[in-house]
Every structure is written in structure tokens, then in C-alpha cells.
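Worksheet: the structure to be examined is printed underneath.
Numbering (the numbering used here), first residue to last: 9 to 98.
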């Protein structure tokens, strides 16, 4: 009986340690940068930007969105890699 009580106590302690941090709200990340491809369909571009901003607002972060074309993609990423200025989300 004592062994069962000890096991239950350990289980409760482990669950408490695992669950309590999950109950705390996540810390705000501050500012994030998002690079995305231009779709060439203006309503779709607007929807993507609005949805991204809504998600950022819910997460409590400021989001800077930059769009680029397929022609600019490799140049943009190569320059960002070399200068160590990659976006947070791409």
C-alpha cells in the first residue's frame, strides 16, 4: 500500500511539473518579420496579409510583412544569408 501511495505521489508531482508551465500564457516575441511570395492575385495577397496580421495580433506580436516575386527570391535570400539578416518567417 505504501508503494502505491508513493507512486501516486510521484505521478502527481510529475504531472504538476509538466502541466503548470503549459497553463501560463506564452511570452510575447515582440517583433517578427515575414517574407512571402507575391501571388499576383491582389485579393489573395490581401487575405494572406490580413490573416497573418490577425494571427500576430492574437499572439501579441508586431508583424512586418514583405512580399517579393519569384525573380527576386534567390537574390533576396542570398543577400540575407550573407548578411545574417534572414526573416523570422519565410
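No residue lacks a Cβ here, since even glycine has one placed at the ideal position from N, Cα and C.
- How is the beta strand (DSSP E) around residue 39 delimited, first residue to last? Here the question's residue 39 lines up with position 31 in the chain shown. It spans 39 to 45 - the beta strand (DSSP E) in which residue 39 sits, taken as one unbroken run.
- Item | Nonlocal neighbours in the same chain, by C-beta distance under 6 Å from residue 43, ignoring five residues either side | Translated into positions along the chain shown, residue 43 becomes position 35. Contacts found: 74, 95 and 98.
- Output the boundary residues of the alpha helix (DSSP H) element that contains residue 49. Within the chain shown, numbered from 1, the residue matching residue 49 stands at position 41. Per DSSP, residue 49 belongs to no alpha helix (DSSP H) and is neither H nor E.
- Message: Just to confirm my understanding: we take residue 46, look at its own chain, exclude 5 residues before and 5 after, and list those with CB closer than 7 Å. What are they?
- Response: By one-based count along the chain shown, residue 46 stands at place 38. Counting only Cβ-Cβ distances below 7 Å, and skipping sequence neighbours, we find 53, 75, 76 and 77.
- Task: Determine the direct distance from the alpha carbon of residue 88 to that of residue 50, and round the result to whole angstroms.
- Result: Sequence index remark: in the chain shown, residue 50 carries index 42 (1-based). Sequence index remark: in the chain shown, residue 88 carries index 80 (1-based). If I take the Cα positions, the gap works out to 26 Å.
- So residue 97 is in the beta strand (DSSP E); what residue range does that whole segment cover? For the purposes of this step, residue 97 is identified with residue 89 of the chain shown, where counting begins at 1. Looking at the DSSP string, residue 97 is not in any beta strand (DSSP E), and its letter there is neither H nor E.
- Could you tell me the distance, in whole angstroms, from the CA atom of residue 25 to the CA atom of residue 10? Numbered from its first residue, the chain shown carries residue 25 at position 17. Numbered from its first residue, the chain shown carries residue 10 at position 2. Because residue 25 carries a pLDDT of 48, less than 50, the predicted location of this residue cannot be relied on, and no value is offered for it.
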